[in-house]
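Structure, as structure tokens:
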Amino acid sequence: MNRFAYLIGTIALLFSMLSPSAQAQDKKATISMDLTYHQQNDDLPVLRVYASSKVERRFLPAEGVEIALFFEEETAQGFMGRVETNVRGMASLRLPAKYKNSWDSLTNFKFIATVTDNEGFEDESVEIDIAKARIALTLEEEDSVRMIYAKLSALEDSSWTDVPETEIKFIVRRLLSDLSGGEEELYTTDESGEASSQFDLTIPGDVNGNIIIGAKIDDNELYGNLVATKIVKWGVPVVKDNSFAKRSLWATRDKTPLWLLIFPNLIIAGVWGMIFYLIYLIYRISKLGKADKSI
Amino acid sequence: MNADSVKSGGEALPRRNFLKGILLAGAAAGCSTKDPFTSAAKEGGAQPSGEMVQLLSTTGEIIEVDKAFLKPTEQIPSITGMAQRMGIEGKKFVMVIDLSRCKNLKKCQESCNHAHFVSDAQNWIKIYPMQEDEHTAPYWQPTTCMHCDEPPCVKVCPVDATFKRIDGIVGIDADRCIGCRFCMAACPYSTRVFNWDTPQLPPEVLALQYSSETSCPPKIGTVSKCDFCPDMVRKGELPHCVSACPNGVFFFGDMNEDVVTNGSETVRFSELIRDKAGYRLMEDLGTKPSVYYLPPVDRLFPFKNELQSEEG
Amino acid sequence: MSHQQTISSEKITSDLLPQKFGKPGMIWTAFLVVLCLIGLFAYYRQLRYGLSVTGMRDYASWGIYISNFVFFVAISLVGSLITAIFRLTNVGWRTPLTRIAEIIAVSAILFASIIIIVDMGRPDRFWHLFLYSRLQSPIMWDVIVITTYLVLSVLFLYFPLLSDLPILIQNSKPGSRIQRLYKFVGSFWKGTAGQVALSGKAIQIISVMIIPIALAIHTVTSWLFATTYRPGWDSTNFGAYFVSGAFLVGAGGVLVAMYVFRRAYKLEAYITEKHFDNMGKIVVMLAFLYLYFNINEYLVPAFKMKKAEEHHLVSLLTGDFSVLFWSAIFFGMILPVIVLLIPKGRKPLPAFVMGILVVIGAWFKRFLIVTPTMLSPFLPMYDTPESYKTYWPTWEEWSITIASLAGALLIVTIFVRLFPIIPIHETIEENEQIKPEQV
Numbered sequence: 002m003n004r005f006a007y008l009i010g011t012i013a014l015l016f017s018m019l020s021p022s023a024q025a026q027d028k029k030a031t032i033s034m035d036l037t038y039h040q041q042n043d044d045l046p047v048l049r050v051y052a053s054s055k056v057e058r059r060f061l062p063a064e065g066v067e068i069a070l071f072f073e074e075e076t077a078q079g080f081m082g083r084v085e086t087n088v089r090g091m092a093s094l095r096l097p098a099k100y101k102n103s104w105d106s107l108t109n110f111k112f113i114a115t116v117t118d119n120e121g122f123e124d125e126s127v128e129i130d131i132a133k134a135r136i137a138l139t140l141e142e143e144d145s146v147r148m149i150y151a152k153l154s155a156l157e158d159s160s161w162t163d164v165p166e167t168e169i170k171f172i173v174r175r176l177l178s179d180l181s182g183g184e185e186e187l188y189t190t191d192e193s194g195e196a197s198s199q200f201d202l203t204i205p206g207d208v209n210g211n212i213i214i215g216a217k218i219d220d221n222e223l224y225g226n227l228v229a230t231k232i233v234k235w236g237v238p239v240v241k242d243n244s245f246a247k248r249s250l251w252a253t254r255d256k257t258p259l260w261l262l263i264f265p266n267l268i269i270a271g272v273w274g275m276i277f278y279l280i281y282l283i284y285r286i287s288k289l290g291k292a293d294k295s296i
Numbered sequence: 084m085n086a087d088s089v090k091s092g093g094e095a096l097p098r099r100n101f102l103k104g105i106l107l108a109g110a111a112a113g114c115s116t117k118d119p120f121t122s123a124a125k126e127g128g129a130q131p132s133g134e135m136v137q138l139l140s141t142t143g144e145i146i147e148v149d150k151a152f153l154k155p156t157e158q159i160p161s162i163t164g165m166a167q168r169m170g171i172e173g174k175k176f177v178m179v180i181d182l183s184r185c186k187n188l189k190k191c192q193e194s195c196n197h198a199h200f201v202s203d204a205q206n207w208i209k210i211y212p213m214q215e216d217e218h219t220a221p222y223w224q225p226t227t228c229m230h231c232d233e234p235p236c237v238k239v240c241p242v243d244a245t246f247k248r249i250d251g252i253v254g255i256d257a258d259r260c261i262g263c264r265f266c267m268a269a270c271p272y273s274t275r276v277f278n279w280d281t282p283q284l285p286p287e288v289l290a291l292q293y294s295s296e297t298s299c300p301p302k303i304g305t306v307s308k309c310d311f312c313p314d315m316v317r318k319g320e321l322p323h324c325v326s327a328c329p330n331g332v333f334f335f336g337d338m339n340e341d342v343v344t345n346g347s348e349t350v351r352f353s354e355l356i357r358d359k360a361g362y363r364l365m366e367d368l369g370t371k372p373s374v375y376y377l378p379p380v381d382r383l384f385p386f387k388n389e390l391q392s393e394e395g
Numbered sequence: 136m137s138h139q140q141t142i143s144s145e146k147i148t149s150d151l152l153p154q155k156f157g158k159p160g161m162i163w164t165a166f167l168v169v170l171c172l173i174g175l176f177a178y179y180r181q182l183r184y185g186l187s188v189t190g191m192r193d194y195a196s197w198g199i200y201i202s203n204f205v206f207f208v209a210i211s212l213v214g215s216l217i218t219a220i221f222r223l224t225n226v227g228w229r230t231p232l233t234r235i236a237e238i239i240a241v242s243a244i245l246f247a248s249i250i251i252i253v254d255m256g257r258p259d260r261f262w263h264l265f266l267y268s269r270l271q272s273p274i275m276w277d278v279i280v281i282t283t284y285l286v287l288s289v290l291f292l293y294f295p296l297l298s299d300l301p302i303l304i305q306n307s308k309p310g311s312r313i314q315r316l317y318k319f320v321g322s323f324w325k326g327t328a329g330q331v332a333l334s335g336k337a338i339q340i341i342s343v344m345i346i347p348i349a350l351a352i353h354t355v356t357s358w359l360f361a362t363t364y365r366p367g368w369d370s371t372n373f374g375a376y377f378v379s380g381a382f383l384v385g386a387g388g389v390l391v392a393m394y395v396f397r398r399a400y401k402l403e404a405y406i407t408e409k410h411f412d413n414m415g416k417i418v419v420m421l422a423f424l425y426l427y428f429n430i431n432e433y434l435v436p437a438f439k440m441k442k443a444e445e446h447h448l449v450s451l452l453t454g455d456f457s458v459l460f461w462s463a464i465f466f467g468m469i470l471p472v473i474v475l476l477i478p479k480g481r482k483p484l485p486a487f488v489m490g491i492l493v494v495i496g497a498w499f500k501r502f503l504i505v506t507p508t509m510l511s512p513f514l515p516m517y518d519t520p521e522s523y524k525t526y527w528p529t530w531e532e533w534s535i536t537i538a539s540l541a542g543a544l545l546i547v548t549i550f551v552r553l554f555p556i557i558p559i560h561e562t563i564e565e566n567e568q569i570k571p572e573q574v
């Protein structure tokens with residue numbers, strides 16, 4: 002009897018220990034978001050959000066999370082749209098055109114990203130404040146010396162003012178990333194907001210030698226990510242590779258090497274010609290047989 | 084196909100239907116006040132289901148149409164099969180694998196398997212513990228498809244099911260493949276795997292039209308392998324293995340641009356290969372791979388072979 | 136042909152006419168049919184569940200289907216060996232063997248093409264081979280050359296058969312189904328001078344044509360392997376190696392068939408001990424030839440022991456496959472040579488046993504050509520389940536393979552039931568030619 006009560010007591014104790022941990026499993030995970038602002042030339046800016054969550058003490062990209070993005074205020078008015086993160090936890094949205102006027106006129110603006118009513122994650126919200134800025138890019142070539150000039154200015158009280166002491170990079174745009182295009186990795190704007198570098202890379206461009214050169218500021222606390230680019234013929238024209246169009250053993254069936262078409266087909270035609278002749282001989286033998294019957 | 088485009092593709096379907104509804108209704112509004120779906124569908128002999136759907140016409144009117152009268156548009160892949168076979172013009176993709184940075188974390192393999200629905204038994208990326216001899220150095224060697232310029236696998240394919248693209252990628256058309264497995268015998272890098280079973284896939288992936296740029300959905304009785312993720316490149320993103328590697332082992336880029344990147348570093352391809360003495364695997368076979376290796380010198384991590392001790 | 140002059144034409148005809156199956160014949164046929172049905176069931180399972188029912192996996196991606204295919208192609212070479220070469224060189228004792236050889240060739244090459252479809256992951260897309268055919272691929276060459284050889288072999292069987300048809304029609308029940316078949320096949324054959332001349336011309340043409348094409352089927356089949364880089368296949372020797380092996384297994388197959396038909400149909404007067412003696416000598420010569428190529432194929436790489444070849448050679452010579460390898464060499468080549476070199480060893484029974492050893496040895500030799508190489512990749516087998524690192528065929532694979540062999544035998548069996556296995560007309564003619572000379 003005593004033992005039985007002891008057993009029940011143990012089970013009850015176990016249950017009481019288990020239940021909070023079971024509740025803990027039901028509890029939603031926390032999500033962390035990183036919202037960034039990207040703007041190129043005069044285009045409308047793009048908002049990028051990266052979502053991650055802690056799994057087994059490591060931050061992993063959160064895939065398939067719906068995130069609502071707002072401009073200035075978290076209201077129906079400011080609702081820009083809803084995005085879903087991809088396998089890398091990334092999602093992006095371009096500022097909708099209806100906000101263009103207010104974006105043009107404001108000197109400072111705010112973006113908000115929220116996760117609400119998510120099945121797997123607790124509600125979360127992040128916001129960033131951006132001050133409107135722009136980079137003016139100038140490319141000059143004199144006596145075969147190529148120079149890149151950039152001037153960073155910010156909108157203050159409806160006029161553009163120079164921004165000094167800000168880190169800026171000169172880049173050559175490539176398919177999947179930017180290659181450093183300046184003599185140094187990083188430059189700092191002077192008191193008039195300017196920076197410059199000589200461009201002496203020998204780098205392939207397109208067939209005409211065009212490359213895209215840019216000046217950019219990355220992850221700036223005030224201005225976000227800004228880049229100004231220009232297309233210029235400072236690259237080495239790339240010679241078009243015609244090997245794909247050539248006949249080869251690894252080309253498609255319409256590009257079989259000629260010798261492989263001619264000789265086997267000659268042999269096939271010859272052999273099958275003989276086979277058809279043999280079949281014709283059967284026909285002639287049968288003709289002879291029928292003629293024999295009539296005699 | 085990675086999961087994110089799967090989902091967006093699945094979402095795009097009703098949206099596209101709706102759009103078509105708008106266009107057709109708009110066109111019909113000019114000549115008749117009746118909705119165009121009901122009349123067209125009745126001619127085709129469709130029976131009303133009784134479930135009504137509301138559509139918006141371009142004139143701002145809301146019309147009600149029976150659900151049975153709406154024809155779903157087929158999901159059209161963003162690029163045609165022909166364009167997938169052709170590849171991206173003017174590009175020549177290369178990969179550089181820095182053996183001095185690899186410590187067998189297998190993040191590349193994980194992300195590749197996740198994105199392409201590869202089973203653990205048939206990894207497209209393998210990380211070999213290499214040690215040619217007792218007295219030579221051990222190191223980890225990840226391998227992908229080498230995307231050879233003179234690919235032995237493509238040479239032997241009897242039906243053009245595996246093909247060389249203009250951008251250097253060797254692709255597979257699983258709708259064409261007859262499953263003769265000659266390519267597997269021909270590949271010296273053992274990079275190809277065969278779908279012996281019906282692949283286990285989520286239903287939304289199974290419903291997709293096959294794309295040789297994502298190698299999804301894989302099909303039973305056909306060959307699969309690493310495809311260099313041209314779908315990601317078209318989106319301006321790096322292949323899954325490259326972005327997944329925390330040590331920056333994989334560099335990817337366009338040889339015509341002479342630049343490769345591992346996500347955080349961007350370097351000149353020719354300088355990297357020259358300065359670090361890059362090489363290719365089994366050069367003597369004349370396959371001309373598009374994957375280069377940087378020798379395992381000055382390694383960042385000591386070689387620890389946990390698996391081999393398990394295997395004995 | 137000293138025996139034949141004593142035989143009358145009537146006796147020859149009645150001896151050689153196809154006979155109804157006796158009890159052993161019925162049991163034999165039923166046995167083959169059952170094997171085929173089991174194989175069909177196994178293939179149904181393969182169609183339903185995919186190639187996962189086989190023991191093949193990513194490393195051993197080719198298995199006994201492919202080695203069986205190579206075996207079939209090899210044995211089909213016999214048709215051209217006996218028939219064409221002997222015809223052209225006017226070997227007098229060939230007559231009773233030609234049709235045996237030719238029907239083996241036809242059924243073997245037919246099943247070679249069937250087994251290659253069985254091996255395909257997507258047999259439903261077989262038509263892609265014609266719709267998207269790509270001439271760069273050795274598989275395409277094989278498809279072309281096998282089709283050609285099949286058609287030519289059927290013609291080579293057909294033309295000499297014509298002269299037997301009047302005898303067959305005459306000796307079958309009027310209006311019976313079998314007579315209707317004979318009439319359908321060649322009621323037009325009257326044996327007129329014009330017909331004989333045309334048929335003789337056709338046979339002459341085929342005899343010449345079929346030799347290079349028979350060599351081509353085997354050379355091209357060897358190229359399916361030799362055009363890859365794999366250790367054990369990457370050899371310039373491969374075409375000749377395969378052809379010599381095919382000659383051997385073909386001749387061995389004929390020895391076996393001769394003995395079986397001789398016993399089953401009491402043809403001792405036609406397939407004589409002289410035939411066994413001659414075929415025995417030929418098998419010795421061909422076994423030496425094949426041994427020569429084997430020494431080239433294994434000894435030369437083993438002398439160098441290149442890194443890539445090492446795993447493959449060691450697995451054959453002393454490793455996992457060594458028992459099978461040395462057995463195939465000893466029982467498939469050396470023992471037959473020793474026995475058949477002794478005159479008593481060339482008597483029908485020992486020659487028959489040696490023939491069986493040659494054929495079985497040849498089958499396993501093909502297994503040894505395919506599987507050990509597949510399991511010796513350049514990069515080590517790694518990061519893959521244990522079951523992927525070895526290969527042993529499943530019961531489905533065995534059943535399908537055995538069924539294909541049974542099917543080939545079934546075709547031969549049915550053919551023998553319908554048509555004379557030794558050409559009647561030709562035998563009578565030769566018999567008559569000999570008489571005046573001897574008198």
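Chains as they are written, first to last, in our numbering: chain A, 2 to 296; chain B, 84 to 395; chain C, 136 to 574. Where is the CB? At the ideal position from N, CA and C, for every residue including glycine.
Checklist entry - Going by beta carbon distance, what residues of the same chain come within less than 8 Å of A23 (chain A), once the five residues before and after it are set aside? => result Mapped onto the first sequence, residue 23 (chain A) falls at position 22. Caution applies to A23 (chain A), whose pLDDT of 44 falls short of 50 and renders its modelled position unreliable; the value that the coordinates give is listed next. Once the five neighbours on either side are set aside, A23 (chain A) has no close Cβ partner at all.
Checklist entry - What first and last residue would you give for the beta strand (DSSP E) that runs through P329 (chain B)? => result If you number the second sequence from 1, residue 329 (chain B) lands on position 246. Looking at the DSSP string, P329 (chain B) is not in any beta strand (DSSP E), and its letter there is neither H nor E.
Item to check | Coarse secondary structure for T47 (chain A), derived from DSSP in three states | outcome: Residue mapping note: residue 47 (chain A) aligns to position 46 of the first sequence, counting from 1. A quick correction: the sequence has Val, not Thr, at residue 47 (chain A). Of the three classes helix, strand and coil, the one that applies to V47 (chain A) here is strand, per DSSP.
Next on the checklist: If the cut-off is 7 Å on Cβ atoms, which residues from the region 336-369 of chain B count as contacting chain C, listed in chain order?
Outcome noted: M365, L368
Item to check | Short-range partners of chain B found in the region 252-268 of chain A, where Cβ spacing is below 8 Å | outcome: A252, T253, R254
Checklist entry - Since E217 (chain B) meets chain A, which of its residues come closer than 9 Å, beta carbon to beta carbon? => result Translated into positions along the second sequence, residue 217 (chain B) becomes position 134. The premise fails here: E217 (chain B) is roughly 37 Å from chain A at the closest Cβ pair, so nothing lies under 9 Å.
Item to check | Contact with chain C by I204 (chain A), beta-carbon distance below 7 Å | outcome: Taking the first residue of the first sequence as 1, we reach residue 204 (chain A) at position 203. Judged by the 7 Å Cβ criterion, I204 (chain A) is not in contact with chain C.
Checklist entry - When you compare each of C:R260, C:T529, C:T363 to R259 (chain B) by their alpha carbons, which one comes out closest? => result Here the question's residue 259 (chain B) lines up with position 176 in the second sequence. Residue C:R260 is the option with its Cα nearest to R259 (chain B).
Checklist entry - DSSP on T116 (chain B), reduced to helix/strand/coil? => result Here residue 116 (chain B) refers to the residue found at position 33 of the second sequence. Note that T116 (chain B) scores 41 on pLDDT, short of 50, meaning its location in the model is unreliable and no value can be drawn from it.
Checklist entry - Going along chain C in order, which residues have a C-beta closer than 9 Å to the C-beta of F277 (chain B)? => result Counting from 1 along the second sequence, the entry for residue 277 (chain B) is found at position 194. The answer, in chain order, is L186, M191, R192, D193, S196, G256.
Checklist entry - With respect to the alpha helix (DSSP H) encompassing F246 (chain C), which residues constitute its N-terminal and C-terminal limits? => result As a first step, residue 246 (chain C) must be located in the third sequence, where it is residue number 111. Per DSSP, F246 (chain C) belongs to the alpha helix (DSSP H) from 230-254.
Checklist entry - Where does V374 (chain B) fall in DSSP's three states? => result The residue you call residue 374 (chain B) lines up with position 291 of the second sequence. Correct three-state label for V374 (chain B): strand.
Checklist entry - What do you get for D243 (chain B), buried or exposed, if any count of 16 or more other CB atoms within 10 angstroms of its CB means buried? => result Here residue 243 (chain B) refers to the residue found at position 160 when the second sequence is read from its first residue. Buried, by the Cβ-count rule.
Checklist entry - What do you get for K247 (chain B), buried or exposed, if any count of 16 or more other CB atoms within 10 angstroms of its CB means buried? => result Position 164 of the second sequence, counted from the start, is the residue given in the question as residue 247 (chain B). That one is buried.
Next on the checklist: If I measure Cβ to Cβ from I297 (chain A) and keep anything under 7 Å in the same chain, skipping five residues before and after, which residues do I get?
Outcome noted: Lying before the first or after the last residue shown, residue 297 (chain A) is absent from chain A, which here runs from 2 to 296.
Next on the checklist: Here's the rule: buried if 16 or more other CB atoms are within 10 angstroms of the residue's CB, otherwise exposed. What is A179 (chain A)?
Outcome noted: If you number the first sequence from 1, residue 179 (chain A) lands on position 178. The sequence given here places Asp at residue 179 (chain A); Ala does not occur at that position. Label assigned to D179 (chain A): buried.
Next on the checklist: What does the Cβ neighbour count give for E340 (chain B), buried or exposed, with the cut at 16 atoms within 10 Å?
Outcome noted: Residue mapping note: residue 340 (chain B) aligns to position 257 of the second sequence, counting from 1. Under this definition E340 (chain B) is a buried residue.
Next on the checklist: Do A132 (chain A) and I169 (chain A) count as a contact pair if the criterion is CB distance below 7 Å?
Outcome noted: The residue given as residue 169 (chain A) occupies position 168 in the first sequence. The residue given as residue 132 (chain A) occupies position 131 in the first sequence. Against a cut-off of 7 Å, the Cβ pair of A132 (chain A) and I169 (chain A) comes out as no contact.
Checklist entry - At which residues does the beta strand (DSSP E) containing V342 (chain B) begin and terminate? => result By 1-based counting over the second sequence, the position of residue 342 (chain B) is 259. First-last of the beta strand (DSSP E) with V342 (chain B): 342-344.
Checklist entry - List, in order along the chain, the chain A residues whose C-beta lies closer than 9 Å to that of A198 (chain B)? => result The residue labelled residue 198 (chain B) in the question sits at position 115 within the second sequence. In chain order: V88.
Next on the checklist: Taking 7 Å as the limit between beta carbons, can you name the residues of its chain near F513 (chain C), skipping five residues before and five after?
Outcome noted: Start at 1 with the first residue of the third sequence, and residue 513 (chain C) comes out as number 378. Correct list, in chain order: A443.
Item to check | Beta-carbon neighbours of F323 (chain C), restricted to chain A and to distances below 7 Å | outcome: By one-based count along the third sequence, residue 323 (chain C) stands at place 188. Ordered by position in chain A, the residues that pass the 7 Å Cβ test against F323 (chain C) are I286, S287, G290, K291.
Next on the checklist: Does the CB of L321 (chain B) have a neighbour CB from chain A at under 7 Å?
Outcome noted: The sequence position of residue 321 (chain B) within the second sequence is 238, counting from 1. Taking Cβ atoms only, chain A reaches closer than 7 Å to L321 (chain B), which makes this a yes.
Checklist entry - Based on the DSSP output, what are the partners of F171 (chain A) in its beta bridges? => result Walking along the first sequence from the start, residue 171 (chain A) turns up at place 170. BP columns for F171 (chain A) point to A:A216.
Checklist entry - Can you name, in chain order, every residue of its own chain whose Cβ lies under 8 Å from the Cβ of S462 (chain C), other than the five neighbours on each side? => result Against the third sequence, residue 462 (chain C) aligns to sequence position 327. Excluding sequence neighbours, S462 (chain C) sits near G496, F499.
Next on the checklist: Whole angstroms are fine: how far does the CA of F373 (chain C) sit from the CA of F460 (chain C)?
Outcome noted: Translated into positions along the third sequence, residue 460 (chain C) becomes position 325. Translated into positions along the third sequence, residue 373 (chain C) becomes position 238. Going from the Cα of F460 (chain C) to the Cα of F373 (chain C) covers about 18 Å.
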